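A short write-up of the structure that comes next.
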Amino acid sequence: MLTDLKPQAPDKILALMAAFRDDPRPGKIDLGVGVYKDASGRTPIMRAVKAAERQLVETQETKTYTGLAGDPAFADALSALILGPDAPRDRLACAAQPGGTGAIRQGLELIRMAAPGARLWLSNPTWPNHPAIAAYLGIETPSYRYFDAETGGVDFDGMMADLAEVAPGDAVILHGCCHNPTGANLTPDQWRDVAALLTRRGAVPFVDIAYQGFGDGLEPDAEGTRILARTVPEMLIAASCSKNFGIYRERTGLLMAIAPSTDAVPVTQGALAMLNRMNFSFPPDHGARVVTTILTDDALRADWEAELEEVRLGMLGLREQLAAALRDRVGSDRFGFLAAHRGMFSRLGATPEQVEAMRRDHGVYMVGDSRMNIAGLNSATVPLLADAIVAAGV
Ligand code: PMP
Numbered sequence: 001m002l003t004d005l006k007p008q009a010p011d012k013i014l015a016l017m018a019a020f021r022d023d024p025r026p027g028k029i030d031l032g033v034g035v036y037k038d039a040s041g042r043t044p045i046m047r048a049v050k051a052a053e054r055q056l057v058e059t060q061e062t063k064t065y066t067g068l069a070g071d072p073a074f075a076d077a078l079s080a081l082i083l084g085p086d087a088p089r090d091r092l093a094c095a096a097q098p099g100g101t102g103a104i105r106q107g108l109e110l111i112r113m114a115a116p117g118a119r120l121w122l123s124n125p126t127w128p129n130h131p132a133i134a135a136y137l138g139i140e141t142p143s144y145r146y147f148d149a150e151t152g153g154v155d156f157d158g159m160m161a162d163l164a165e166v167a168p169g170d171a172v173i174l175h176g177c178c179h180n181p182t183g184a185n186l187t188p189d190q191w192r193d194v195a196a197l198l199t200r201r202g203a204v205p206f207v208d209i210a211y212q213g214f215g216d217g218l219e220p221d222a223e224g225t226r227i228l229a230r231t232v233p234e235m236l237i238a239a240s241c242s243k244n245f246g247i248y249r250e251r252t253g254l255l256m257a258i259a260p261s262t263d264a265v266p267v268t269q270g271a272l273a274m275l276n277r278m279n280f281s282f283p284p285d286h287g288a289r290v291v292t293t294i295l296t297d298d299a300l301r302a303d304w305e306a307e308l309e310e311v312r313l314g315m316l317g318l319r320e321q322l323a324a325a326l327r328d329r330v331g332s333d334r335f336g337f338l339a340a341h342r343g344m345f346s347r348l349g350a351t352p353e354q355v356e357a358m359r360r361d362h363g364v365y366m367v368g369d370s371r372m373n374i375a376g377l378n379s380a381t382v383p384l385l386a387d388a389i390v391a392a393g394v
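full-length UniProt numbering numbers the first residue of the sequence shown as 1 and each following residue consecutively.
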């Protein structure tokens, strides 16, 4: 049996990480994997996470199973963080998941269960796991225009033209903030236009929000999701706590479904619980409990927000430094979009050959589509990257 298995294509980012590790050059720069790093290259445990874990060790009295949908207090706390005070609570069904990826997988399973022929529209480009998981589940994935390579911004007219073709009942993945891999995002007015269009078309938005707090701040980063939640009759939201709480390996996420009516909530909630049971039974709890502890304790929450804000401002500062270093070198604002992008990533717009030249000649490692993890930089490496970009002729 096992000898009949076909080899899987290697994961490009993991291969890039291995190549970086094996590179003996001391000045090498890792802009590959999507993990936040501080100026010294470490991915620290946030102070509030450590404190909440200490508290849990002291006070937790059991580790027996939670409910199939996880601890309801986690769903309450995280849905409030994302959806804000106007959350349509009475139409909300939630289930904790192993990370944002787990939430996306279960959301797609829910779509397939409820509407077997529905297609899933994806931005071009998008996070590669979106098409990969959809293909694995046999869901068709047309794409809508998103990134304008000329300006480094969103091709909003193209996006709206493509989304006008969405069929009733189709689902549309939208990155809640900090678009991965491009860094280019919608304005609140554009979110309103998308919400109105999808409502008119009878399509179901599926928001993937994995970087709340990494872009313009916790509240502004949730604005697009909130606009949709206020407007559309039904939607799905896959939330990840991996980045904004820095608890990647704890696998902490939440799938939220806003049902068209309160009457539809029990059936939706039942479907979410059943999908958890079929896939893994009970979701992981430790990370979820840490998040709940932080969000429901004023002091821990304030400390978490302060540390997250330092992280966000650090990345913004690096963006500005990089854009300025490139402005000095090329004599124009051609790379100004790097400062306008938000989140951990930016698509530089280099060809695969230029990406390869930067790796070969300068030890700069970025993903082949020229996605750069801005958090992989520090003040000392920004000028080196700017030199590499110019030398490669980007
Ligand atoms: N969505 C996007 C766009 C992401 O970039 C990520 C993390 N790479 C995720 C979802 C999910 O991350 P995780 O499963 O680690 O929570």
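All residues carry an ideal CB built from backbone N, CA and C; glycine is no exception. Here the structure is a predicted model, which is why all the values come from computation and not from measurement.
Closest to R347 by CA distance: which of G336, M372, R360, G331 is it?
The candidate whose alpha carbon is nearest that of R347 is M372.
How many Å lie between A95 and V265 at the Cα?
The alpha-carbon atoms of A95 and V265 are separated by roughly 12 Å.
Just reading off the alpha helix (DSSP H) that Y136 is part of, what are its end residues?
That run of the alpha helix (DSSP H) goes 129 to 136.
Secondary structure at A96, three-state DSSP: helix, strand or coil?
A96: strand per DSSP, three-state reduction.
Please list the segments of the beta strand (DSSP E) lying wholly inside the segment 236 to 282, counting only runs of 3 or more residues, in order along the chain.
Listed in chain order, they are 253 to 258.
Buried or exposed: which applies to D155, given that a residue is buried once 16 or more other Cβ atoms fall within 10 Å of its Cβ?
Buried: at least 16 other Cβ atoms inside 10 Å.
Is it the case that the Cβ atoms of T231 and G287 are separated by a distance below 8 Å?
Contact: no.
Assign M1 to buried or exposed, taking buried as 16 or more other Cβ atoms, counted over all protein chains shown, within 10 Å of its Cβ.
M1 is exposed by the Cβ-count criterion.
Under the criterion of a Cβ to heavy atom distance below 7 Å, does G100 qualify as lining the ligand PMP?
True, at least one ligand heavy atom lies under 7 Å from that Cβ.
To which residues of the same chain is R47 closer than 7 Å at the C-beta, ignoring the five residues directly before and after it?
Excluding residues within five positions, the ones whose Cβ falls inside 7 Å are D303, E307.
Express the C-alpha separation of W127 and A388 in angstroms, rounding to a whole number.
Their backbone Cα atoms lie some 26 Å apart in a straight line.
Quick one: grab the DSSP three-state call for residue 397.
Nothing can be reported for residue 397: it is not among the residues displayed for the chain, which extend from 1 to 394.
May I ask you to check if the CB of D208 is nearer than 7 Å to at least one heavy atom of the ligand PMP?
Checking every heavy atom of the ligand PMP against the Cβ of D208, one is found closer than 7 Å.
Quick one: does the C-beta of Y144 sit closer than 7 Å to a heavy atom of the ligand PMP?
It does not: the Cβ of Y144 is nowhere closer than 7 Å to a heavy atom of the ligand PMP.
So, A164 versus L120, is the Cβ gap smaller than 8 Å?
Going by C-beta atoms, A164 is not nearer than 8 Å to L120.
According to DSSP, simplified to helix, strand and coil, what is G287?
G287 falls in the helix class under three-state DSSP.
Quick one: is the Cβ of H175 within less than 7 Å of any heavy atom of the ligand PMP?
For the ligand PMP, at least one heavy atom lies less than 7 Å from the Cβ of H175.
CA-CA distance, R145 and A52?
Cα to Cα, R145 sits roughly 42 Å from A52.
By Cβ distance, which residues of its chain are closer than 7 Å to G183, with the 5 residues on each side in sequence left out?
Closer than 7 Å at the Cβ level, and outside the excluded window around G183, lie H341, R342, G343, F345, S346, R347.
Is L272 closer than 8 Å to L255 when the C-beta atoms are compared?
Going by C-beta atoms, L255 is nearer than 8 Å to L272.
Around the C-beta of D162, are 16 or more other C-beta atoms found within 10 angstroms, so that it is buried, or is it exposed?
When all chains shown are included, D162 counts as buried.
Round the Cβ separation of G84 and A299 to the nearest angstrom and send it over; I've been treating them as touching at under 8 Å.
Contact doesn't hold; Cβ gap of about 22 Å is too wide.
Hey, could you find the ends of the alpha helix (DSSP H) M160 is sitting in?
Run containing M160: 156 to 163, per the alpha helix (DSSP H) assignment.
Mind checking whether the beta-carbon of Y248 lies closer than 7 Å to any heavy atom of the ligand PMP?
For the ligand PMP, at least one heavy atom lies less than 7 Å from the Cβ of Y248.
For the ligand PMP, any of its heavy atoms closer than 7 Å to the Cβ of S346?
Because no heavy atom of the ligand PMP lies under 7 Å away, the Cβ of S346 does not count as near it: no.
What is the rounded straight-line gap between the Cα of E150 and the Cα of A339?
Going from the Cα of E150 to the Cα of A339 covers about 16 Å.
Are L228 and V204 touching if we call contact CB-CB under 8 Å?
Contact flag unset, no.
Measure how close the beta-carbons of D90 and T351 come, nearest whole angstrom, since I'm counting them as under 8 Å.
Going by Cβ atoms, the distance from D90 to T351 rounds to 51 Å, so no, they are not a contact pair.
Taking C-beta to C-beta, are V291 and L78 nearer than 8 Å?
Going by C-beta atoms, V291 is nearer than 8 Å to L78.
In this structure, how does DSSP classify P26 when only helix, strand and coil are distinguished?
It is coil, neither helix nor strand.
I need the boundaries of the beta strand (DSSP E) containing R200, first residue and last residue.
Looking at the DSSP string, R200 is not in any beta strand (DSSP E); the run it does join, the alpha helix (DSSP H), is 188 to 201.
Flag W121 as yes when its Cβ comes closer than 7 Å to any non-hydrogen atom of the ligand PMP, and as no otherwise.
Outside the cutoff, so no.
Going by CA-CA distance only, name the one from E109, E305, P88 that's closest to M278.
Of the candidates E109, E305, P88, the one whose C-alpha sits nearest the C-alpha of M278 is E109.
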